[in-house]
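Asker: Per the numbering used here: the first sequence = residues 1016 to 1136.
Virtual Cβ for every residue (Gly too), placed ideally from N, Cα, C.
Just so it is clear, the structure is predicted and the values come from calculations on it, not from any experiment.
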Amino acid sequence: MDFYKRVTLVCQHIPEGRAATYGQIALLCGKPRNARQVGYALNRGLAGERAPAHRVVNAKGILSGAAAFESHDMQKLLLEQEGVAVAMTPDGWRVELKRFGWDHTLEDALWFRAEFEKRGI
DNA sequence: TACCTGACATAAT
DNA sequence: CATTATGCCAGGT
C-alpha cells in the first residue's frame, strides 16, 4: 500500500469550495491513525502539484499549513477565492467546518477503496 | 538502536 | 468554549 499515492488521489477529489481535515483524508486512505503523515506528504510535496493542499485543515478548521505556502496568506486567499470564508482567531485563520467541511459519503469511501485496489496503491 | 520532531486527533478536565 | 495529556507513526539524526 502506497499511502502517499492514496493521499494524492483523495486530495485531488476534495470538492472545490470545501475543506477536508487531515484525519478525514487519512481515514479515506485506509489509515485512520496517519493524520500526521498526511501533513508530512503535503509539506514535502509528495502529493504532487495537482493536489489542492489549500483545502486541507486540521480538526478545528485551522489553516495549520499556511506557513508552507509561498506567501503566508496564500492558503487563505485560495480558499476565499473559491467561496470559503476564513476568519482570524487567536489560533490562526479558521474555516467553519460546519459550513465548509467536506461531508464525504460512504459511497465516496467505497469508491476510493475500489480505486486503490484498481490502481494497486 | 534510541531519541526527536511534527501542515494531527481525541478524551479528559 | 480552552487547556492539557496521551496516543500516533513515518522520517530524520
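Skipping 5 residues on each side, what residues in its chain have a beta carbon closer than 6 Å to that of Asn-1049?
Answerer: Correct list, in chain order: Ala-1041.
Asker: When burial is assigned at 16 or more other CB atoms within 10 Å of the CB, is Arg-1021 buried or exposed?
Answerer: Classification for Arg-1021: buried.
Asker: Measuring alpha carbon to alpha carbon, tell me which residue in Ile-1029, His-1028, Gln-1039, Cys-1044 is nearest Asp-1017.
Answerer: Here the closest residue by C-alpha is Cys-1044.
Asker: Find out if the Cβ-Cβ distance for the pair Ala-975, Gly-1107 is shorter than 9 Å.
Answerer: Limits of the chain in this structure are 1016 at one end and 1136 at the other, which puts residue 975 out of reach.
Asker: Taking only runs that begin and end inside the segment 1040-1127, name each unbroken beta strand (DSSP E) of 3 or more residues, in chain order.
Answerer: Segments of the beta strand (DSSP E) lying fully in the segment 1040-1127: 1102-1104, 1107-1109.
Asker: My guess is that Val-1099 and Gly-1032 are in contact by the Cβ rule of under 8 Å, so how many angstroms apart are they, rounded?
Answerer: Going by Cβ atoms, the distance from Val-1099 to Gly-1032 rounds to 6 Å, so yes, they are a contact pair.
Asker: For Gly-1038 and Gly-1076, what's the separation of their Cα atoms in angstroms?
Answerer: The alpha-carbon atoms of Gly-1038 and Gly-1076 are separated by roughly 12 Å.
Asker: Assign Lys-1091 to buried or exposed, taking buried as 16 or more other Cβ atoms, counted over all protein chains shown, within 10 Å of its Cβ.
Answerer: Result: buried.
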